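**Q** Going by this note's numbering, 243 is the number at position 154 of the sequence shown; the sequence numbering is gapless.
Here a beta-carbon is modelled for each residue, glycine too, at the ideal position from N, C-alpha and C.
The model shown is predicted, which means the values in this text are computed figures rather than measured ones.
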Amino acid sequence: MVDLTGRTAVVTGAARGQGAAEAAALVRAGAHVLLGDVLDDEGAAVAEDLGPRARYVHLDVTQEPDWAAALDAAGDWPAVQALVNNAGIHWNRDLLDERQADMTKMLSVNVVGAMLGMQAVAPAMSAAGNGSIINVCSVLGLLGGRGSGAYTASKWALRGLTKSAAIELGPRGIRVNAIHPGYIDTPMLAQVAAGRPDDYYDFVPLGRAATTDEVADLVCYLASDDSSYLSGGDFAVDGGLTAGGGPRGNDSRTYRQGR
Ligand SMILES: NC(=O)c1ccc[n+]([C@@H]2O[C@H](COP(=O)([O-])OP(=O)(O)OC[C@H]3O[C@@H](n4cnc5c(N)ncnc54)[C@H](O)[C@@H]3O)[C@@H](O)[C@H]2O)c1
Numbered sequence: 090m091v092d093l094t095g096r097t098a099v100v101t102g103a104a105r106g107q108g109a110a111e112a113a114a115l116v117r118a119g120a121h122v123l124l125g126d127v128l129d130d131e132g133a134a135v136a137e138d139l140g141p142r143a144r145y146v147h148l149d150v151t152q153e154p155d156w157a158a159a160l161d162a163a164g165d166w167p168a169v170q171a172l173v174n175n176a177g178i179h180w181n182r183d184l185l186d187e188r189q190a191d192m193t194k195m196l197s198v199n200v201v202g203a204m205l206g207m208q209a210v211a212p213a214m215s216a217a218g219n220g221s222i223i224n225v226c227s228v229l230g231l232l233g234g235r236g237s238g239a240y241t242a243s244k245w246a247l248r249g250l251t252k253s254a255a256i257e258l259g260p261r262g263i264r265v266n267a268i269h270p271g272y273i274d275t276p277m278l279a280q281v282a283a284g285r286p287d288d289y290y291d292f293v294p295l296g297r298a299a300t301t302d303e304v305a306d307l308v309c310y311l312a313s314d315d316s317s318y319l320s321g322g323d324f325a326v327d328g329g330l331t332a333g334g335g336p337r338g339n340d341s342r343t344y345r346q347g348r
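1. Spatial neighbours of Asn224 within its chain, please: C-beta separation below 6 Å, excluding the five flanking residues on both sides.
2. Starting from Ala134, trace the alpha helix (DSSP H) both ways and give me its first and last residue.
3. For Asp288 and Arg337, what's the separation of their Cα atoms in angstroms?
4. Specify the secondary structure class of Asp288 as computed by DSSP and reduced to three states.
5. Would you please state the rounded distance, in angstroms, between the beta carbons of Val122 and Ala98? I believe it to be under 8 Å.
6. Could you tell me the distance, in whole angstroms, from the CA atom of Arg96 to the CA atom of Gly262?
7. Ignore the nearest five residues each way along the sequence and tell me which others in Val200's own chain have a CB closer than 6 Å to its CB.
8. Of all the options Val169, Gly322, Ala213, Ala109, which has the alpha carbon lying nearest to the alpha carbon of Gly230?
9. Between Ala216 and Ala143, which are expected to be in contact by the criterion C-beta below 8 Å, what is the C-beta distance as a whole number of angstroms?
10. Among all the DSSP beta bridges, which residues are the ones paired with Asn174?
11. How long is the line joining the alpha carbons of Gln170 and Asn219, rounded to whole angstroms?
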């Protein structure tokens with residue numbers, strides 16, 4: 090079990106889904122946690138459930154003043170030493186139907202929001218001489234995706250930003266890593282998978298979606314000193330999806346019989 094006692098972590102998009110699970114796991118690991126989101130009622134309820142080391146703040150990641158106010162809300166808590174840039178938006182739309190204004194919105198939340206977050210926490214992490222930033226990308230930051238050009242572009246951009254940040258912030262003692270979830274059981278996935286066939290997970294070697302806790306465990310590890318030499322890395326949490334291999338039914342015997 091990682092130990093984050095005496096540290097404050099900030100998690101964006103923490104009102105539900107992966108962000109809520111990450112906040113809960115960080116609290117269990119001993120951290121004080123600021124939960125930011127734009128869903129104020131849901132976020133406040135999640136923080137309330139987590140107890141006195143959790144505090145909800147309204148934080149639209151695209152708004153620079155929200156970041157300053159959110160960090161102020163930490164008050165006399167320990168120094169901010171972890172940031173999870175988890176907030177994200179997603180939709181499916183073919184490239185030829187995508188609209189300029191929507192593409193801009195996608196990049197604003199999924200990329201610019203993370204940049205503003207890194208800029209906001211870097212001074213405190215530098216002063217502490219220790220910080221860990223986890224940028225939540227996607228398997229669509231490793232692969233292309235049909236009908237998801239805007240989202241895929243945003244996640245590749247966030248992955249690139251992660252590597253530049255790791256290079257620039259490393260000398261200050263700040264590690265920056267990207268995680269790449271595959272199918273994770275959240276409201277976002279429910280929207281994506283709605284109406285899909287039962288064999289939707291056939292391309293996942295483990296044959297199922299992940300629970301949010303399975304992602305949160307990775308986030309806690311990367312937030313802690315247990316991962317002290319990891320920076321600039323890409324960590325897929327995808328049940329083997331990006332290992333390739335095609336549909337699960339196509340094992341080597343099937344291929345041999347087909348020849
Ligand atoms: N669920 C999946 O299968 C999956 C797969 C790969 C990557 N991801 C990524 O994981 C992250 C979490 O996704 P999730 O599945 O929990 O989705 P979700 O939709 O359940 O939660 C996303 C949260 O982000 C918040 N948010 C949106 N815009 C915001 C803004 N401007 N400022 C602050 N908060 C904002 C939402 O209100 C919501 O609470 C996202 O970055 C997503 O792209 C999810």
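**A** So, from the data block:
1. Within the sequence shown, the letter at position 135 stands for residue 224. Sequence-distant Cβ neighbours of Asn224 in its own chain, meaning closer than 6 Å and more than five residues away, are Asn174, Ala203, Leu247, Thr251, Ala267.
2. Residue numbering aside, residue 134 sits at position 45 when the sequence shown is read from its first letter. Looking at the DSSP string, the run of the alpha helix (DSSP H) that includes Ala134 is 129-139.
3. On the sequence shown, position 199 is the one that residue 288 refers to. On the sequence shown, position 248 is the one that residue 337 refers to. C-alpha separation (whole angstroms): 10 Å.
4. Against the sequence shown, residue 288 aligns to sequence position 199. The answer is helix: DSSP assigns Asp288 an H, G or I state.
5. For the purposes of this step, residue 122 is taken as residue 33 along the sequence shown, with counting starting at 1. For the purposes of this step, residue 98 is taken as residue 9 along the sequence shown, with counting starting at 1. The Cβ separation is near 5 Å, so the contact holds.
6. Numbered from 1 along the sequence shown, position 7 holds the residue referred to as residue 96. Numbered from 1 along the sequence shown, position 173 holds the residue referred to as residue 262. Within the model, the alpha-carbon separation for Arg96 versus Gly262 is close to 15 Å.
7. Taking the first residue of the sequence shown as 1, we reach residue 200 at position 111. Answer for Val200: Ser243, Ala246, Leu247, listed in chain order.
8. As a working mapping, residue 230 is identified with position 141 in the sequence shown. The residue among Val169, Gly322, Ala213, Ala109 with its C-alpha nearest the C-alpha of Gly230 is Gly322.
9. Walking along the sequence shown from the start, residue 216 turns up at place 127. Walking along the sequence shown from the start, residue 143 turns up at place 54. With a Cβ gap of about 23 Å, Ala216 and Ala143 do not count as contacting.
10. Translated into positions along the sequence shown, residue 174 becomes position 85. Per DSSP, the beta-bridge partners of Asn174 are Asn224.
11. Residue mapping note: residue 170 aligns to position 81 of the sequence shown, counting from 1. Residue mapping note: residue 219 aligns to position 130 of the sequence shown, counting from 1. Going from the Cα of Gln170 to the Cα of Asn219 covers about 6 Å.
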